[in-house]
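Asks:
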Amino acid sequence: MRVRIKSIVTETRDAASFELEPLDESSFNYSAGQFITILFRFSGREIRRSYSLSSTPGIDPFPVITIKRVINGEISRYMLEHSKIGDELEILAPKGLFIPDLSDSARDIFLLAAGSGISPVFSILKWILHNEPHTQVHLFFQNHSEKSTIFRQMIEEYAEGFSDRFEWLDFLSNPQAEDAISERINNEILEKLVLEKLRFKFQDARFFICGPNSFMRMCQFTLLLMGFDENQLRREFFLVPPPPPPPLLEDTTSKRVSVIVSGTAHEFETHYPVTILDAALHNQIRLPYSCKTGRCAACVAKCISGKVIMGNNEVLTEADLEKGLVLTCVGYAESDLQLVYEESNS
């Protein structure tokens, strides 16, 4: 799929939003909170980078990604310093499970974001406010200062326009305003605020968490200790760690894998310690992927038959696993397999 950069908006000194115009005949369908993977090629080398969509389907006319400069990040630097209106990009179809389910019942949605983690959270914020008239939305947003806060003005406008259903708590570690107090979200503050703001049933609350790894771990552990179920939490990772080591398997013989992707059936063999994804790529079968560490869900497939063991899973909930969803980038075949990818490109 190809897109053209339609406009570029500077959000902060280190972040910008890129409005994208799809060029292919196929429609650009996505859900609030999802991401796209951009394929870059430098000197014959392919580099994949995933960026969250900060736009919202049905509200924003074109898809938008927001990119923040990363220290030693060659791609973020390239996009911010060299991209221009009219440039074309090759992307994969939108993916990701960091998406809200639609509810007709009144409930609480807690959006916990830090820094550029606001990108997919802002997409979800707009979607919930426009589609769930009885839901209360609470945004806890951690930043360095007022000037470094991405979407600050737009969030203020939403807080004013939806004041009966949306509350924004602004946490700044180095505020510039003279009367402002320096404050960070920690486990005690988070627990106190969630209990204080919760208006509807405890079990109906949903949490969407995105930011630095330490921030997300703190939020996750705090909420689980409070008694919230894992299925009530969704997390979206930006930083990619080294690939995890393979799990130990007793049976390391070759396994046969049948896979359907984009409506086409393929078959190949895989053997330990090669992941399902790497085995497919070795056989010139293009499967969708991005992080290759079990964190983004770009590679997610449904296991129809057989058994897959994963070396890492930071994104699938128990409910996802019960549906048969697996991460092929960290998945190893314990038996012959049948896998199906939903609508996707690679």
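Following our numbering, the numbering of the sequence shown begins with 20 at its first residue and continues without gaps. Yeah, the Cβ is synthetic: ideal placement off N, Cα and C, and Gly gets one too. Note that the coordinates shown come from a computational prediction; the quantities given were computed from them, not determined experimentally.
Quick one: using the 10 Å Cβ neighbour count with 16 as the cut-off for buried, is Pro119 buried or exposed?
Replies: In the sequence shown, counting from the first residue as 1, residue 119 sits at position 100. Pro119 is buried by the Cβ-count criterion.
Asks: Which residues does DSSP list as the beta-bridge partners of Val276?
Replies: Locating residue 276 in the sequence shown gives position 257, counting from the first residue. Answer is Phe287 and Leu356.
Asks: According to the neighbour-count rule (16 or more other Cβ atoms, all chains shown, within 10 Å of its Cβ), is Thr29 buried or exposed?
Replies: For the purposes of this step, residue 29 is identified with residue 10 of the sequence shown, where counting begins at 1. Flag for Thr29 reads exposed.
Asks: Would you identify the three-state DSSP class for Ala125, choosing helix, strand or coil?
Replies: By 1-based counting over the sequence shown, the position of residue 125 is 106. Coil, per DSSP.
Asks: So, with DSSP's three-state summary, where would you put Ile174?
Replies: Here residue 174 refers to the residue found at position 155 when the sequence shown is read from its first residue. Helix, per DSSP.
Asks: Between Leu346 and Ala299, what straight-line distance do the alpha-carbon atoms span, to the nearest angstrom?
Replies: Here residue 346 refers to the residue found at position 327 of the sequence shown. Here residue 299 refers to the residue found at position 280 of the sequence shown. Each residue's alpha carbon lies about 13 Å from the other.
Asks: Between which residues of its own chain and Asn364 is the CB-CB distance below 8 Å, once the five residues before and five after are set aside?
Replies: Numbered from 1 along the sequence shown, position 345 holds the residue referred to as residue 364. Unreliable placement is indicated for Asn364, whose pLDDT of 48 sits below 50; the coordinate value is still reported in the next sentence. Closer than 8 Å at Cβ, skipping near neighbours: Met20, Leu111, Ala112, Ser281 and Pro307.
Asks: Go to Asp297, then tell me how far its beta strand (DSSP E) extends in each direction, as first and last residue.
Replies: As a working note, residue 297 is residue 278 in the sequence shown. No beta strand (DSSP E) holds Asp297; the alpha helix (DSSP H) holding it covers Ile295 to His301.
Asks: On the three-state DSSP scale, how would you describe Thr75?
Replies: Residue 75 sits at position 56 when you count from the first residue of the sequence shown. Here Thr75 sits in coil by DSSP.
Asks: Check this for me: beta carbons of Ala316 and Gly136, under 7 Å apart or not?
Replies: Translated into positions along the sequence shown, residue 316 becomes position 297. Translated into positions along the sequence shown, residue 136 becomes position 117. For Ala316 and Gly136, no; Cβs fall outside 7 Å.
Asks: Using CA atoms only, rank isn't needed, just tell me which of Glu100, Pro265, Val89 and Ser50 is closest to Val83.
Replies: Here residue 83 refers to the residue found at position 64 of the sequence shown. Selected option, being the one with the closest Cα: Ser50.
Asks: With DSSP as the reference, label Asn193 as helix, strand or coil.
Replies: The sequence position of residue 193 within the sequence shown is 174, counting from 1. DSSP places Asn193 in coil when its eight states are reduced to three.
Asks: Can you confirm whether the region 31 to 38 touches the region 263 to 282 when touching is taken to mean that 3 or more C-beta pairs between the two stretches lie within less than 8 Å?
Replies: Touching, no, given that fewer than three Cβ pairs across the two stretches are closer than 8 Å.
Asks: For Phe219 and His153, I'd like the C-alpha separation in whole angstroms.
Replies: Within the sequence shown, residue 219 is the residue found at index 200, counting from 1. Within the sequence shown, residue 153 is the residue found at index 134, counting from 1. For Phe219 and His153, the distance between alpha carbons rounds to 10 Å.
Asks: So, helix, strand or coil for Ser309, using DSSP?
Replies: Start at 1 with the first residue of the sequence shown, and residue 309 comes out as number 290. Three-state DSSP puts Ser309 in coil, outside helix and strand.
Asks: Buried or exposed: which applies to Met372, given that a residue is buried once 16 or more other Cβ atoms fall within 10 Å of its Cβ?
Replies: With the chain covering 20 to 365 only, the question about residue 372 has no answer from this structure.
Asks: Taking 7 Å as the cut-off, decide whether the C-beta atoms of Thr314 and Val334 are in contact.
Replies: Counting from one through the sequence shown, the residue named residue 314 turns up at place 295. Counting from one through the sequence shown, the residue named residue 334 turns up at place 315. What sits at residue 314 in the sequence shown is Arg, not Thr. It is a contact, given that the beta carbons lie within the stated cut-off.
Asks: So, using beta-carbon positions, are Ser142 and Gly52 closer together than 7 Å?
Replies: Within the sequence shown, the letter at position 123 stands for residue 142. Within the sequence shown, the letter at position 33 stands for residue 52. In this structure, Gly52 lies closer than 7 Å to Ser142 by Cβ.
Asks: Just grab the DSSP bridge partners of Ala34 for me.
Replies: Indexing the sequence shown from 1 puts residue 34 at position 15. The partner list for Ala34 (beta bridge, DSSP) reads Thr31 and Lys87.
Asks: Just mark Ala338 as buried or exposed, buried being the case when its beta carbon has 16 or more other beta carbons within 10 Å.
Replies: Counted from its first residue, the sequence shown places residue 338 at position 319. So Ala338 counts as exposed.
Asks: How many Å lie between Leu130 and Tyr97 at the Cα?
Replies: Residue numbering aside, residue 130 sits at position 111 when the sequence shown is read from its first letter. Residue numbering aside, residue 97 sits at position 78 when the sequence shown is read from its first letter. Roughly 30 Å between the two C-alpha positions.
Asks: Reducing DSSP to helix, strand and coil, say where Tyr49 ends up.
Replies: The residue you call residue 49 lines up with position 30 of the sequence shown. Of the three classes helix, strand and coil, the one that applies to Tyr49 here is coil, per DSSP.
Asks: Quick one, are the C-beta atoms of Phe160 and Ala132 less than 7 Å apart?
Replies: Taking the first residue of the sequence shown as position 1, residue 160 is located at position 141. Taking the first residue of the sequence shown as position 1, residue 132 is located at position 113. Yes, they are a contact pair.
Asks: So the candidates are Gly63, Thr85 and Arg64; which of them puts its Cα closest to the Cα of Leu72?
Replies: Walking along the sequence shown from the start, residue 72 turns up at place 53. The residue with the shortest Cα to Cα distance from Leu72 is Thr85.
Asks: When the Cα atoms are used, what is the spatial distance from Asp33 to Glu100?
Replies: If you number the sequence shown from 1, residue 33 lands on position 14. If you number the sequence shown from 1, residue 100 lands on position 81. For Asp33 and Glu100, the distance between alpha carbons rounds to 10 Å.
Asks: If you follow the alpha helix (DSSP H) that Gln155 is part of, which residue opens it and which one closes it?
Replies: Residue numbering aside, residue 155 sits at position 136 when the sequence shown is read from its first letter. Careful: Gln155 lies outside any alpha helix (DSSP H), inside the beta strand (DSSP E) at Gln155 to Asn162.
Asks: Helix, strand or coil: how does DSSP classify Ala338 here?
Replies: For the purposes of this step, residue 338 is taken as residue 319 along the sequence shown, with counting starting at 1. The answer is helix: DSSP assigns Ala338 an H, G or I state.
Asks: With which residues is Ala133 paired in a DSSP beta bridge?
Replies: Indexing the sequence shown from 1 puts residue 133 at position 114. Per DSSP, Gln161.
Asks: Buried or exposed, going by whether 16 or more other CB atoms sit within 10 Å of the CB of Thr75?
Replies: Counted from its first residue, the sequence shown places residue 75 at position 56. Buried, since its Cβ has 16 or more Cβ neighbours within 10 Å.
Asks: Who are the near neighbours of Ile66 in its chain, counting only those whose CB is closer than 6 Å to its CB and skipping five residues on each side?
Replies: Within the sequence shown, the letter at position 47 stands for residue 66. Closer than 6 Å at the Cβ level, and outside the excluded window around Ile66, lie Phe59.
Asks: Indicate whether Leu148 and Phe185 have their beta-carbon atoms separated by less than 7 Å.
Replies: Your numbering for residue 148 matches position 129 in the sequence shown. Your numbering for residue 185 matches position 166 in the sequence shown. Going by C-beta atoms, Leu148 is nearer than 7 Å to Phe185.
Asks: Taking the Cβ atom as the reference point for each residue, do Ile323 and Val349 lie within a distance shorter than 7 Å?
Replies: As a working note, residue 323 is residue 304 in the sequence shown. As a working note, residue 349 is residue 330 in the sequence shown. No, these two residues do not count as a Cβ contact at 7 Å.
Asks: Determine the burial state of Ile295: buried for a count of at least 16 other Cβ atoms within 10 Å of its Cβ, exposed for fewer.
Replies: Within the sequence shown, numbered from 1, the residue matching residue 295 stands at position 276. Ile295 comes out buried.
Asks: First and last residue of the beta strand (DSSP E) that includes Ser324?
Replies: Against the sequence shown, residue 324 aligns to sequence position 305. Val319 to Ser324 is the span of the beta strand (DSSP E), which, as asked, contains Ser324.
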